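This note's numbering runs 351 ahead of the 1-based position in the sequence shown. Yeah, the Cβ is synthetic: ideal placement off N, Cα and C, and Gly gets one too. Quick caveat: nothing in here was measured; it's all calculated off a predicted structure. In what follows, a structure is listed as structure tokens, so that the remarks can point back to it.
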Amino acid sequence: MTEDSLDEWTPEERAKLAEVGLHRSARSELKNRTMVALRERDLIGAAQPRRSPRRFVFGLAAAAVLIFAAGMLAGYGVGLRRQAMSSPDSLSRAGGGTTREVARLDSPSTQSPVGARYVVWF
352 MTEDSLDEWT
362 PEERAKLAEV
372 GLHRSARSEL
382 KNRTMVALRE
392 RDLIGAAQPR
402 RSPRRFVFGL
412 AAAAVLIFAA
422 GMLAGYGVGL
432 RRQAMSSPDS
442 LSRAGGGTTR
452 EVARLDSPST
462 QSPVGARYVV
472 WF
């Protein structure tokens, strides 16, 4: 708008334009008043606190870690059981044996070619 365009209005029109914003309520005030009135009449429940998405993401991450750890421990236990089942009698009776005995018994020259061989990495 320019100065010239303001001159085109009559004093009555200018007064009406000035009053336009005075009698209107703000959107947030109207919303708050409406919500309070609806709560007073029990048409809507109390305001629910918003849950933070950070808590939700943290909960998902914690659940993923727990599931991963449980799977890892289960796999480790299965591997130990399979190793104990396939270990030679001399080592199982002696309670393990020395490192050289384990290496000698686990070397390819002493392994039978028949059957599967399970390797557990600790």
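Where G426 is concerned, the enclosing alpha helix (DSSP H) starts and stops at P404 to S437.
Between the C-alpha atoms of L424 and R390 there is a straight-line separation of about 52 Å.
With a beta-carbon spacing of about 7 Å, L431 and V471 fall inside the 8 Å limit used to define contacts.
DSSP places E364 in the uninterrupted alpha helix (DSSP H) bounded by P362 to E370. Per the coordinates, the alpha-carbon of E380 lies some 18 Å from the alpha-carbon of A397. In the structure shown, E391 adopts helical secondary structure according to DSSP, grouped into three states. Judged by DSSP in its simplified three-state form, E359 adopts coil rather than helix or strand.
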